[in-house]
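1230 is the number of the first residue of the sequence shown in our numbering; add one for each residue after it.
For reference, the structure is listed below as structure tokens.
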Amino acid sequence: MSMKELLEIAEHEKLTEYHGLKKQDLIFRILKERTRLNGLMFGEGTLEILPDGFGFLRSPDYHYLPCPDDIYVSPSQIRRFGLRTGSTVAGQIRPPKENERYFALLRVEAINGQDPNLLTAKVFFDDLTPLHPRERLRLADKATHLSTRIVDLIAPIGLGQRGLIVSPPRAGKTVLLQQMADAVCRNHPDAYVIVLLIDERPEEVTDMERKLKSPNCEVVSS
């Protein structure tokens, strides 16, 4: 479904403040409004499948760790739609019944922002053909830092690029990563950036979250 068609649906259903939303966010708003009108709740999260066959939708607000707000996903739904750990699933949910601890997913409305019935032809990530990067990520612009401009000149990066920063302690590698993430968000608004901080101090995490305010950037800490 095109963006134009989604905007027409949003206008027809009298949604407010939907202009400027990205396609996936607009789909989420439409589905959420339809569920609200039908008297049901709507939930979304990243699926983690447990060894017993069932799974939970984890929330980015809790850095994808187990929490009371997780949404239970039954084994039958996982098998029916071919769900895998890491899939972003959205749909109708119900509150926990007696002797239940978690919300439960009633109906799958979207998987990774797409119609779940259209995903049967999708190729698994492990089966894709690896290729060298073909599209360059520009880090420099008029308001950029000098360090990202130097990276552009000396070690340019592209979509699909793997890289490693080798640096002694307190040499500014975290700041450089922060500036690179900010540059990607500004120069490539269609890209989604995930910054993973492992064993960082809480104040470092807060600083990273405050510096990277783009809606397309997510900061996750361990």
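Glycine is no exception: its CB is placed at the ideal position from the N, C-alpha and C atoms.
These numbers come from a predicted model, not from an experiment.
- Of all the options 1443, 1433, 1447, which has the alpha carbon lying nearest to the alpha carbon of residue 1479? This structure cannot speak to residue 1479, because the chain is shown only from 1230 to 1451.
- residue 1430: which of 1414, 1449, 1443, 1420 sits nearest, CA to CA? 1449
- From 1407, 1338, 1314, residue whose alpha carbon lies closest to that of residue 1443: 1407
- Query: Cα separation between residue 1293 and residue 1287?
  - Reply: 5 Å
- Any 3 or more C-beta pairs closer than 8 Å across the stretch 1339-1354 and the stretch 1382-1399: Taking 8 Å as the limit for Cβ pairs, the verdict is that the stretch 1382-1399 does not touch the stretch 1339-1354.
- Rounded straight-line distance, which links the Cα of residue 1258 to that of residue 1271: 10 Å
- What are the complete alpha helix (DSSP H) segments, minimum 4 residues, inside the stretch 1300-1349? 1304-1310
- Message: By alpha-carbon positions, which one of 1339, 1421, 1322, 1397 ends up nearest to residue 1445?
- Response: It is 1421.
- Task: Can you tell me which of the three DSSP states residue 1386 falls into?
- Result: strand
- Query: Would the beta-carbon of residue 1386 fall within 8 Å of that of residue 1360?
  - Reply: No; because the gap between Cβ atoms is not below 8 Å, this pair is not in contact.
- Task: Pick helix, strand or coil for residue 1450, following the three-state DSSP scheme.
- Result: strand
- Do you know offhand how far residue 1340's Cα is from residue 1273's? Each residue's alpha carbon lies about 10 Å from the other.
- Message: Here's the rule I'm using: 16 or more other beta-carbon atoms within 10 Å means buried, otherwise exposed. How should residue 1381 be labelled?
- Response: buried
- Task: Starting from the Cα of residue 1439, find the closest Cα among 1364, 1410, 1419, 1427 and give me that residue.
- Result: It is 1410 whose Cα lies nearest to the Cα of residue 1439.
- Message: Determine whether the beta carbon atoms of residue 1423 and residue 1447 lie at a separation below 8 Å.
- Response: Using a Cβ distance threshold of 8 Å, residue 1423 and residue 1447 count as a contacting pair.
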